[in-house]
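Chains A and B supply the protein sequences, listed in that same order.
Each residue of the first sequence is one higher than the one before, starting from 16 at the first, in my numbering.
Each residue of the second sequence is one higher than the one before, starting from 16 at the first, in my numbering.
Data first, discussion second: the structure below is written as structure tokens.
There are 2 protein chains.
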Amino acid sequence: MVQRVTLSDVAREAGVSLATASRAINGSADRSVRPELVERVTEAAARLQYTPDATAQAMARGRTTTLGLLVHDIADPYFSAIAAAVVRTAEAEGLQVSLATTQNDPAREAQLIDLMRRQRARAVVIAGGRSAGERSDALAESLAALGRQGVGIAAIGQPVPGVASVAVDNRGGAAALAASLLDLGYRRFAVLGGPTDRVTARDRREGFLDALGDRGSVASSVETAFTWEGGHRALLRLAQDGVLADVDAVVATNDVMALGALAAARELGLGVPQDVALAGFGGISTLRDVVPTLTTVTVPMDELGVRAVRLALGDQGDVVESVGCDVVIGGSTPDLRGA
Amino acid sequence: MVQRVTLSDVAREAGVSLATASRAINGSADRSVRPELVERVTEAAARLQYTPDATAQAMARGRTTTLGLLVHDIADPYFSAIAAAVVRTAEAEGLQVSLATTQNDPAREAQLIDLMRRQRARAVVIAGGRSAGERSDALAESLAALGRQGVGIAAIGQPVPGVASVAVDNRGGAAALAASLLDLGYRRFAVLGGPTDRVTARDRREGFLDALGDRGSVASSVETAFTWEGGHRALLRLAQDGVLADVDAVVATNDVMALGALAAARELGLGVPQDVALAGFGGISTLRDVVPTLTTVTVPMDELGVRAVRLALGDQGDVVESVGCDVVIGGSTPDLRGA
DNA sequence: CCTAGGATGGAAAGCGCTTCCCTACGGATC
DNA sequence: GATCCGTAGGGAAGCGCTTTCCATCCTAGG
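As structure tokens, this is what we get:
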């Protein structure tokens, strides 16, 4: 039942040698084959419904056409947007994408890097924030081993030591957000800060704080999970603690947290923005259907994906590219200065 | 710089033969190796940081550990939810997921199936609705060729001839939605029907219509693109044509269309549900943050992914499993019978 | 003490392909 | 007409691994 047509079969059918068949089909990479023979081989291949065996080719050529993509969770709109760009770009380069999800587990991350090494991936793109310090040793080691094998690696989101990265200018974006909100008349803020050890969250938090300067102040900055539930819980807590009444706006360090906070506000009967103004960070596409439109800082996810693939394929060492973010003011933070 | 450690190196380092090294590392599949030697080999491998070459293994064993996944667009929440389940399940089975996106192009779909054949994928999962008839010949042929090679195939969403499928009971779900809406007092509907040739859309449309029976009626059923913009445009048109005033509720055949319609209604200054009630279909997770909560029919995307992988791996021919949908009544279709 | 048979290691044959290297051939050069 | 060279096809050597088959050793039964 399982019939495999090999190149030898094609060669025999076409009455040529294996070598010639290979050259004819590959568009004669190293040498030329008479057009007539090329045609004969092509026809034989078509007749037999021959398909080259990619694993055998990889073996013989010593390199695969696989690009590994690591994300925390492909169902997360942030990662799926990046993945879409990565897949599109990789396909344009003739590469297949091998997708793996780390489930936010650093140990798993290192493990998957090793897996990519086994697969002899041509390049690897790692998306998703990491925590500062501690367990990243295993990751670093795996990455080093991978790099030593000549595999191009690119990290998305934040620089990873020893690896080319396309970083998001979280600090800059957060600073711009702070400036915009100050301009709109906001002065006192509560910050849903995300996990303290998460670099992305930290940069956004600090970027925001630093940019406030003495023009504004933060009444409360709470540590939260980087999730919808995290934002939800945090806002409930803020309300309970009475902080909310004392604050002009709540700033979340990512969009899904902001959405969780929005839901929590609603549950409490608080209107957004009447009772509490709200801003997020990320610019995920699903924000489009949320009312009021959420003020946020858009991260160019498509660009991140595209550039990461380029970087991983480019092999120019541990460059760090940075992409900027744009502040988008929505209905969740109306202008407070006069009408 | 590019140093490759092969099994031969490990064997030499451990002072055993290649065969023994292989057996020691694979947990001696066919035969036993003295524990002492196993340890020696394991240690040598660790010392050299040896990683087996998956492509070579695939070649030698004659089968890969790759599962191909085809989706229209990985950024679409429907597909990314399915993909998450597929990846998770595949990983549990020790398989890597090779992701490709068809961009809704049937020709591309056939092409990608061929690509999976080249990759000698162990199994292939195809998600995403197809159109009825016409261009599916190329696809069918590619699928047949793939199947002949002993690759397990499963389709998600709707049955594909000759292939195991896990189908969504769109008709049943739509019927249940109709029943629920009738119960709530709705009688006259406008249906945003999606593309006429799309099987999924057709099933939902017809399921809804059939279930209405003579208890309700459809004032208008329009063909639309299966996208946010499609829903958006369609609602504007309905309003323009004056149909909207004559209708109790607008029913969209998928969620993103419903969201587009929701946005359009807002632009027109129409309140949902005060001026127009609205229902969708799909149950994508991003609905959580939409207000009013959208009445919809949830499709168990996680289950779809899990079962598709099982089916693709199981190899029991062209079974068709069906998964049911649940109606979820939200604030977008309040109870019309008395307060 | 001899031999049958189980246990275990090694040599080697592939898996399907690419590519190096050699050979054959035809035309150009002297 | 003999020598060269460029062109194009074929033979064969791997790529790194698994697995079959054979060789060897040891133990146990007669």
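Note that CB positions come from ideal geometry on N, CA and C, so glycine has one too.
Remember, predicted model here, so these are calculated numbers, not experimental data.
Taking 9 Å as the threshold, the shortest C-beta distance from valine 214/A to chain B does not fall below it.
Leaving aside the five residues that flank methionine 316/B on each side, the residues in its chain whose CB is nearer than 6 Å to its CB run, in chain order, Ala96, Ile97. Around the beta carbon of glycine 109/A, a 10 Å sphere encloses fewer than 16 other beta carbons of the protein chains shown; the residue is thus reported as exposed. Residue burial is scored here from C-beta neighbours: valine 334/A has fewer than 16 other C-beta atoms within 10 angstroms and is therefore classed as exposed. Residues of the region 111-127 of chain B with a Cβ closer than 8 Å to any Cβ of chain A, in chain order: Gln111, Val112, Ser113, Leu114, Ala115, Thr116. Below 8 Å, too few C-beta pairs join the region 322-338 of chain A and the region 31-43 of chain A to call them touching: fewer than three. Ranked by Cα distance from leucine 22/A, the first of Leu127/A, Val287/A, Ala71/A, Arg103/A is Ala71/A. In the displayed model, glutamate 51/A falls within a helix according to three-state DSSP. Listed along the chain, the chain A residues whose CB falls inside 7 Å of the CB of methionine 74/B are Thr70, Ala71, Met74. Between leucine 326/B and glycine 167/B, the C-beta spacing is below 9 Å. With contacts defined by Cβ atoms closer than 9 Å, alanine 205/A and arginine 248/A do not form a contacting pair. Contact annotation: the region 258-276 of chain B touches the region 298-311 of chain B, with at least three C-beta pairs closer than 8 Å. Taking C-beta atoms as the reference points, valine 112/A and glycine 83/A count as a pair closer than 9 Å. For arginine 19/B, the neighbours in chain A by C-beta distance under 8 Å run, in chain order, Gln164.
Under the 10 Å beta carbon count, glycine 30/A is surrounded by fewer than 16 other beta carbons and is classified as exposed. The DSSP-derived three-state label of glycine 83/B is strand. For arginine 322/B, no CB of chain A lies under 9 Å from its own CB, so it is not counted at the interface with that chain. Classified as exposed, glutamate 58/A has fewer than 16 neighbouring CB atoms from the shown chains inside 10 Å of its CB.
At a cut-off of 9 Å between beta carbons, serine 195/A makes no contact with chain B.
For alanine 260/B, there is no enclosing beta strand (DSSP E), as DSSP gives it neither H nor E. Taking C-beta atoms as the reference points, glycine 144/A and alanine 90/A fail to come closer than 9 Å. Isoleucine 89/B reaches chain A at Ile89, Ser95, Ala98, Ala99, Val102, counting residues in chain order whose Cβ is nearer than 8 Å.
In chain order, Gln64, Thr66 make up the part of chain A whose C-beta sits under 9 Å from the C-beta of alanine 160/B.
For valine 206/A, the uninterrupted beta strand (DSSP E) segment begins and ends at 203-207. Glutamate 282/A counts as exposed, since fewer than 16 other beta carbons sit within 10 angstroms of its beta carbon. Proximity of threonine 313/B to chain A, defined by a Cβ-Cβ separation below 9 Å, is not satisfied.
For valine 321/A, the enclosing alpha helix (DSSP H) has its first and last residue at 316-329. The three-state secondary structure of serine 235/B, taken from DSSP, is strand. Counting along the chain, threonine 308/B sits inside no beta strand (DSSP E), nor does DSSP assign it H or E at all. Residues of chain A with a Cβ closer than 8 Å to the Cβ of arginine 202/B do not exist; the shortest Cβ-Cβ separation is about 28 Å. DSSP places glutamine 118/A outside any alpha helix (DSSP H), giving it a letter other than H or E. For isoleucine 141/B, the pairing in a beta bridge is given by DSSP as Leu85/B, Ala170/B.
Spatial neighbours of glycine 298/B in its own chain (CB-CB distance under 6 Å, excluding positions within 5 residues in sequence) are listed in chain order as Thr311, Thr313, Val314. The closest CA to that of arginine 163/A, considering only Glu336/A, Val175/A, Arg135/A, is found on Arg135/A.
Close partners of arginine 135/B in chain A (Cβ separation under 8 Å): Asp68, Ala69, Thr70.
Aspartate 68/B counts as buried, since no fewer than 16 other beta carbons sit within 10 angstroms of its beta carbon.
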